[in-house]
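Participant: Pasting a structure below so you can have a look.
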Amino acid sequence: MTQHLFQPIAVGPYTLTHRVAMAPLTRSRAGQPGDLPTALNAEYYRQRASAALIITEATQISRQGQGYAWTPGIYSDEQVQGWRQVSTQVHEAGGLIFMQLWHVGRVSHPSFQPDNALPVAPSALPVPGKTFIVDDDGNGVWGDVPVPRALETAEIVQIIEDYRRAARNALKAGMDGIEIHAGNGYLLDQFINSNSNQREDAYGGSVENRARLLLQVVEAVADEVGAERVGVRLTPMGRFMGMGDATPEATFGHIVSALNRWPLAYLHLVEPAVVGTVKDEHFDPRWDAIIGQLRTQWKGVLMVAGGYDPKTAEHALAANRADIIAFGRPFLANPDLPRRIREGLALNASDPSTFFGGDQRGYTDYPAHP
Ligand SMILES: Cc1cc2nc3c(=O)[nH]c(=O)nc-3n(C[C@H](O)[C@H](O)[C@H](O)COP(=O)(O)O)c2cc1C
């Protein structure tokens, strides 16, 4: 029973042929030096071009925005060239691809920062999490992150310009659109959530102030590429990287109402059943109510992700919980996921030991169904 998943839908200027999207998945396999997409990365995305829409792995908008080893960027000309092979391959295979733009904020390490500086954040508050760094032998290891430095108000203007340049570069690289990553405890989410933002300027305190940076980024990116090519990803009530907000209904309600100002391609919400890459057994029970609230408030296309399987995805669409379902781990392990869902075929299981870093193993060698 997949009749809802296989209906077409308009997203911005595009018509998706069905509702099974590929969620953004960091794989830490960019070419070195320079954090550039390679032919192997292009092959990985080409294999998954039957997605209704591919959202790329999170891609840093600047060196300052990087927090994990071997993630790709979109701030240098070489990176634009690297991404061009990806978009070309996906388009030749009939797919559509949006690039997820990323600034990690405090979830970083001096080894990634210009001049080995401290990572930046709304406030100098520690992160209860780890990031993936390179050790002295060149291996990827999970390492602690230091307490970040609070951004000066004047520096925020530059970050907005970095998003603008990244969006421009993404289109130059042949991307069909942009997804702004405003979830999972990274920079924009750190500004949004009250427990990571203690600022006393125009970017902290009230809900309006905490939402300001996201809205200014949306404005700049929409101005650059057209609002109809821009999606926004949020994780209301997400707990990854220590996030928490005192009044999530008000905070995310305000954001979603404000986002209605633009004719955006879509809004993408991550369900809190998953924290980072693992199942959350203790998610906030208010989530169901909040997704209902945001579904009603949001005037455009709604995508959701987080723990879906073919059956629960079909039910979610049938119940009008959302319009599109994004699959993360199932797409990672099943390059031909839409066909498998449509035909009721068995799914390959994903192997967490090859999620981050490494070569083609656990990357381009998951088989399509015969
Ligand atoms: C290996 C891995 C990498 C991820 N990288 C990203 C990312 O770059 N950006 C993002 O917004 N979410 C990222 N996520 C979260 C997924 O997009 C998705 O929300 C999550 O896996 C839950 O969906 P699933 O149950 O279908 O896997 C990642 C998840 C996994 C497993």
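In the working numbering, the protein residues as written are 993 to 1362. For glycine and all other residues, C-beta sits at the position ideal for the given N, C-alpha and C.
Is the beta carbon of Met1014 sitting closer than 7 Å to the one on Arg1040?
Facilitator: Between Met1014 and Arg1040, the CB-CB gap stays under 7 Å.
Participant: Go to Ile1001, then tell me how far its beta strand (DSSP E) extends in each direction, as first and last residue.
Facilitator: 1001-1003
Participant: By the three-class DSSP mapping on this structure, what secondary structure does Gln1190 have?
Facilitator: Residue state for Gln1190 is assigned as coil, using DSSP reduced to three classes.
Participant: Since Gln1190 and Glu1241 should fall inside the 8 Å C-beta cutoff, what is the C-beta to C-beta distance between them, to a whole number of angstroms?
Facilitator: With 8 Å as the limit, Gln1190 and Glu1241 do not qualify as a contact, their Cβ atoms being about 21 Å apart.
Participant: Can you tell me the Cα-Cα spacing of Glu1070 and Pro1029, whole angstroms?
Facilitator: Their backbone Cα atoms lie some 9 Å apart in a straight line.
Participant: Should Gln1352 go down as buried or exposed, given a rule of 16 or more other Cβ atoms within 10 Å for buried?
Facilitator: By the neighbour-count rule (16 or more Cβ atoms within 10 Å), Gln1352 is not buried but exposed.
Participant: State the Cα-Cα distance for the pair Gly1121 and Trp1134, rounded to the nearest angstrom.
Facilitator: Within the model, the alpha-carbon separation for Gly1121 versus Trp1134 is close to 10 Å.
Participant: Provide the residue(s) that pair with Lys1291 in DSSP beta bridges, ordered along the chain.
Facilitator: Lys1291 is not bridged to any residue.
Participant: How about Pro1016: is its Cβ closer than 6 Å to a heavy atom in ligand 2?
Facilitator: This structure simply doesn't include ligand 2; it includes ligand 1 instead.
Participant: Given the structure, does Glu1306 come close to ligand 1, in the sense that its CB is under 6 Å from one of the ligand's heavy atoms?
Facilitator: no
Participant: Counting only the same chain and skipping the five closest in sequence on each side, list residues whose C-beta sits under 8 Å from that of Ala1341.
Facilitator: Ala1325
Participant: With DSSP as the reference, label Leu1256 as helix, strand or coil.
Facilitator: Here DSSP, grouped into helix, strand and coil, assigns Leu1256 to coil.
Participant: Ligand 1 and His1010: does the residue's C-beta get closer than 6 Å to at least one heavy atom of that ligand?
Facilitator: Relative to the non-hydrogen atoms of ligand 1, the Cβ of His1010 never comes closer than 6 Å to any of them.
Participant: Take the Cβ of Asn1176 as the centre, count every other Cβ of all protein chains shown within 10 Å, and call the residue buried at 16 or more, exposed below.
Facilitator: buried
Participant: Tell me whether Gly1354, by its Cβ, gets closer than 6 Å to a heavy atom of ligand 1.
Facilitator: no
Participant: From which residue to which residue does the beta strand (DSSP E) around Gln1039 run?
Facilitator: Run containing Gln1039: none in the beta strand (DSSP E); it sits in the alpha helix (DSSP H), 1031-1039.
Participant: So for Tyr1006, helix, strand or coil by DSSP?
Facilitator: If DSSP states are grouped into helix, strand and coil, Tyr1006 belongs with the strands.
Participant: Check whether the region 1214-1224 and the region 1122-1133 touch, using three or more Cβ-Cβ pairs below 8 Å as the test.
Facilitator: In this structure the region 1214-1224 does not lie against the region 1122-1133, because fewer than three pairs of beta carbons, one per stretch, are closer than 8 Å.
Participant: So Ala1297 and Val1262 are supposed to be a Cβ contact under 8 Å. How far apart are they, rounded?
Facilitator: About 5 Å separates the two Cβ atoms, so the contact holds.
Participant: Taking Gln1150 and Val1096 to be in contact with their CB atoms under 8 Å, please state how far apart those CB atoms are, rounded to whole angstroms.
Facilitator: About 16 Å separates the two Cβ atoms, so there is no contact after all.
Participant: Please classify Val1099: does DSSP put it in a helix, a strand, or coil?
Facilitator: coil
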